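Asker: As given, the protein sequences belong to chains A and B, one line each in that order. Position 687 of the first sequence, counting from 1, maps to 687 under my numbering, and the rest follow consecutively. Position 27 of the second sequence, counting from 1, maps to 27 under my numbering, and the rest follow consecutively.
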Amino acid sequence: MGSLYRSEEMAACQLFLQAEAAYASISELGELGLVQFKDMNPDLNSFQRKFVNEVRRCEEMERKLRFLEKEIARDQIPMPDPKEIPNSPEPREMILLETTFEKLEKEMNEVNVNATTLKKNFLDLTELKHILTNAQTFFDEAEFEIDGSTISMSDRAAVLPPPPPTASPSRTLGPTGNIRFVAGVVLRERIPTFERLLWRSCRGNVFLRQKEIDTPLEDPNTGEEVMKSVFVIFFQGEQLKAKVKKICEGFRATLYQCPETANERREMAAGIQTRIEDLNTVLSQSLDHRHRVLVSIADDMKAWHMKVRKIKAVYHVLNMFNVDVTQKYLIGECWCAERHRSRIETALRTGTERSGSSVPSILNRMETTEHPPTYNCTNKFTKVFQSIVDSYGVAGYREVNPAPFTIVTFPFLFSLMFGDSGHGVLMFMAALAMVVMETKLMQTKSDNEIWNIFFGGRYIILLMGGFSIYAGLMYNDIFSKSFNIFGSGWYPHPQRYSEHTIDHHKDLTLDPTNNSDYRGHPYPFGMDPVWQMSLNKITWLNSFKMKISIIFGVSQMFFGVILSLQNSRYFRNSVNIFCEFLPQMLFLSCIFGYLIVLILYKWIAINATMSACAPSLLIDLINMFLLNYPLEPCSSAEFYDGQKSFQSFLLLLALVCVPWLLIAKPIILKRQHSKKQVQLLNNNDEFEGRKSTEINLDGETQTSKQKDGRKDSHTGHEEEEEFSFGEAFVHQCIHTIEYCLGCISHTASYLRLWALSLAHAELSEVLWNMVFRVALKMSGYTGLIAIFILFTPWAVLTIAILLLMEGLSAFLHTLRLHWVEFQSKFYKGDGYLFDPFRFDKIIEVSADD
Amino acid sequence: MTVPCCGPKCSAFCAIISFWGIIMLALLGIFFYIEAPALAEDLPIDEDVWAAGNYNYTYVSDLYKQVAVNCWIATGLYGATFIFSCIMLKINLRSSYSSS
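1. Can the beta-carbon of Ser286 (chain A) be found closer than 8 Å to that of Leu118 (chain A)?
2. Decide if Gly223 (chain A) is buried, meaning its Cβ has at least 16 other Cβ atoms within 10 Å, or exposed.
3. Quick check: the segment 796-814 of chain A against the segment 410-419 of chain A, are there 3 or more CB pairs under 8 Å?
4. Look at the Cβ atom of Asn32 (chain B), then the Cβ atom of Val67 (chain B), and state whether they are nearer than 8 Å.
5. I'd like the ranges of any alpha helix (DSSP H) spanning at least 4 consecutive residues and lying wholly in the segment 795-826 of chain A.
6. For Glu806 (chain A) versus Phe418 (chain A), is the C-beta distance shorter than 8 Å?
7. Please report how far the alpha carbon of Asn87 (chain A) lies from the alpha carbon of Tyr827 (chain A), in whole angstroms.
8. Given Cys740 (chain A), which residues of its chain have a CB within under 7 Å of its CB, disregarding the five upstream and five downstream residues?
9. Under three-state DSSP, which class holds Lys70 (chain A)?
10. By the criterion of Cβ-Cβ separation under 7 Å, what are the contact partners of Cys71 (chain B) in chain A?
11. Suppose contacts are defined by Cβ-Cβ distances below 8 Å. Is Ala347 (chain A) in contact with Leu29 (chain A) by that definition?
12. Between which two residues does the alpha helix (DSSP H) carrying Tyr33 (chain B) extend?
13. Mind checking Pro164 (chain A): buried by the 16 CB within 10 Å criterion, or exposed?
14. How about Val384 (chain A) and Gly456 (chain A): do their beta carbons lie closer than 8 Å?
15. Report buried or exposed for Leu803 (chain A), applying the criterion of at least 16 other Cβ atoms within 10 angstroms of its Cβ.
16. Is the CB of Ala52 (chain B) under 8 Å away from at least one CB in chain A?
17. Does the beta-carbon of Ile450 (chain A), which I'm using as the reference point, lie nearer than 7 Å to any heavy atom of the ligand ATP?
18. Quick check on Leu77 (chain B) - is its C-beta less than 8 Å from some C-beta in chain A?
19. Does any residue of chain A have a CB that is nearer than 8 Å to the CB of Ala38 (chain B)?
20. From which residue to which residue does the alpha helix (DSSP H) around Gln672 (chain A) run?
21. Ignore the nearest five residues each way along the sequence and tell me which others in Ile276 (chain A)'s own chain have a CB closer than 6 Å to its CB.
22. Go ahead and pull the three-state DSSP assignment for Ser229 (chain A).
23. From Lys129 (chain A) to Leu217 (chain A), what does the alpha carbon distance come to, in whole angstroms?
24. Which residues bound the alpha helix (DSSP H) around Gln732 (chain A)?
25. Can a CB atom of chain B be found closer than 8 Å to the CB of Ser482 (chain A)?
26. Thinking C-beta only, is Leu462 (chain A) closer than 8 Å to Val435 (chain A)?
27. Sorted by chain position, which residues of the same chain lie with C-beta nearer than 6 Å to Leu565 (chain A)'s C-beta, five sequence neighbours on each side aside?
28. Please check the pair Glu71 (chain A) and Met40 (chain A), which I expect to be a contact at CB under 8 Å, by giving their CB distance rounded to whole angstroms.
29. Helix or strand or just coil, what does DSSP make of Thr868 (chain A)?
30. Say whether chain B places a C-beta atom closer than 8 Å to the C-beta of His130 (chain A).
31. What are the start and end residues of the beta strand (DSSP E) that includes Ile331 (chain A)?
32. For Cys13 (chain A), which of helix, strand or coil comes out of DSSP?
33. Three or more beta-carbon pairs under 8 Å between the segment 8-22 of chain A and the segment 816-830 of chain A, yes or no?
34. Excluding the 5 residues preceding and the 5 following Ile191 (chain A) in the sequence, name in chain order all residues of the same chain whose CB lies nearer than 6 Å to its CB.
35. Quick check on DSSP: helix, strand or coil for Thr509 (chain A)?
36. Could you spell out where the alpha helix (DSSP H) holding Lys547 (chain A) opens and where it closes?
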């Protein structure tokens, strides 16, 4: 576990892997998860890389797995997660997996095709059965109509010739009557159009009879259920038959051979029934078989997925390597933490042993001019604070990391805004519940975004709750009521207010001067509880909270400037120390440090007897800038000797800092640059070609290059940068304005600590007065019922408004205070995160798909 | 009692609120009993009756005790609600366990 103060020291390394050992070594490194690989072939697309075939095979396997998963999901078989993540498989296991998947896919496809065919047959037989059942009624109706020459209800005249007089009425229509028919089944929606088209195209010479099938039939292709109707068309002659058949085809009506005699129909119906039953048996058995196969593989599905993903990931990494001329070695570059080198080398050795190769892999540290990635080792507690910092910007390499300080300052500033012990206790309990049941809750992966956010921030919520309890005790505010634990410091003096006066007056003024109504010793811890009843509670608290907000805010800004000193010292940037840190520190101290001193002085030295002429700090500060020292309102007059000269001196010092901050650094940088140019011109006689050390715009020279200053030993990338005075000046100008104006505006911005705490206290009080007091103010039994009933809405509103809404609001404001007011004093945030090759992250990411 | 009348979320919510209610109302009752001045503004004081009694303190004191007793009875009621919601929770868990 490294230090969180700065990011880890990173080393750029070259990796030499023997081709046979490559796969095993990379998979070992993937399990370890401490190495970030650089892509050595950025110009090649995915088809030109070396291991493109293996990647293709992996994707084929994934496709097959997806197909199988879909089949399993269709049958609604659950796929449990494996108990442990499987290790990355050997290359030979890949072939085994491939054959297994291919076999399974083929089997599934066969079963599916068979099922479709069986269902189609089943459909045909069912339709035929319906036709046969309904055919008799059709023929009977038709006969009746022909005999009686009645007009059918669809208003068609039966233009069939009357049967010869020798025919008996019960004779069925047969070939001798040269009336033909076709029977079929068509979708119910199509019947009206079908009828109309038949009527029109055959000029009324055909005769349609239809009946609806009551049960819906399953379409084998789509699997959905449709309603169909049986129809019989009677016609005469071959041409009409051809026409009718064409129309039937057009409407996708299926035609069936229907026997003409009733006996034949009965036999056929019986035969169809048995066939249908057989078909059902075969169908159900084949579906059972399919289900059994799927159940047997359902347990392994997730594990196979992970294995295939691991294989694919390893081949992607191998694609990033270069192959050397002898085709035996793979060469790659990577970033790793200096600390972890030995572990990585052990992993490489294990990989070599696993593959059975004799040649060891080599990890060789190399010098590079690229910016290393930022790697912060965090545990489950510090992870959330580091992510808060990283959301704003990832720290530059080896810059001071604000995260460890955030662990304390974030909950502290939050508590200043939230300060209510009752709400703090609730928050603390909720977070404690999450932390204690942490392992169990982590296993149940939830999709709910909001829950995941709260659970991920459980430690920060725990701290915020704990600090809020403390702040609530300081503000003496528990669910908007104060506790009187130690005895109030105020009591009406018996000589000033007798019992009688107290009993008969609604409001009295307690005067703290001359120790009359004030006992002389203050309440030892927190706010005196008497303030809860006083009418000027808010006025008094405003003054107090504003002043402590300023004190904490300016202290945090001072701390930020000191951290910038730490950065400058680490990067050996003395220009920054003299040209940025000193003027910044002086400016801040002269104006706002002095303000803090004044605040403390006023608290300590001024007492209630002097309250008429107590110095107004705000007016005094404004007058200091305007060099205006009036005598008239005694709150603006001087209140200590030599105030005028001292304040003028401070003002002058602060004003001097501005041009110091503005001009000194660009001038010094220009002088440094021209000195270097002179040196190089001298060295030019010795070396061919011009090389110059890189000078960044703000004068930071890389520590790795300082050693190579005048020698020409760069192997990596070289850059020549022209030093432009104009650019440097503009840059410094922006920085100066930002800093100076920022000091003032950020100090005022810290007043939000006061504003939010006021809002919170008021909301809490209003909720109590409007909701719970109503219940308490009822006497007798109605009071009892009211208390029982009104407690719940009071509780729910407390959680919803005061905990969730106000908590979120205070969290957001604290975040802003950290990101802008604190970090703008020192944080560059121009790094990129260390993104190592890790199997567990790949599996987690893919599990979300 | 095989069919729960609240779902799992409802009974968990009721259990938590009742638990909070028990603790808070009990403490509130104690604070009313010891006549904490911070709670003076919450008392059901009738101005006329108090003025008629010449603003003596016993009237206020009685009111304090009365509200304290009210709070404690409400604590008991919330205790009953807590037990009820715990039972509901158990029934819910058992039915979901048996069905899954």
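No residue lacks a Cβ here, since even glycine has one placed at the ideal position from N, Cα and C. None of the values given here were measured: they were computed from a predicted structure.
Answerer: Judging by the given coordinates:
1. yes
2. exposed
3. yes
4. It is worth fixing the name first, because residue 32 (chain B) is Phe in this sequence and not Asn. In this structure, Val67 (chain B) lies closer than 8 Å to Phe32 (chain B) by Cβ.
5. 806-816
6. yes
7. 41 Å
8. Phe587 and Val658
9. helix
10. Ile787
11. yes
12. Pro8 to Tyr33
13. Low per-residue confidence applies at Pro164 (chain A): pLDDT is 48, beneath 50, and the placement is therefore not dependable enough to give any value.
14. yes
15. buried
16. no
17. The ligand ATP is absent from the structure shown, which contains no ligand whatsoever.
18. yes
19. yes
20. Gln643 to Asn683
21. Leu125
22. strand
23. 12 Å
24. Phe725 to Ser749
25. yes
26. yes
27. Phe581
28. Wrong, their Cβ atoms sit about 41 Å apart, outside the cutoff.
29. Residue 868 (chain A) lies beyond the stretch modelled for chain A, which goes from 1 to 849, so this question has no answer here.
30. no
31. Tyr329 to Ala337
32. strand
33. no
34. Gln210 and Ser229
35. coil
36. Lys537 to Tyr570
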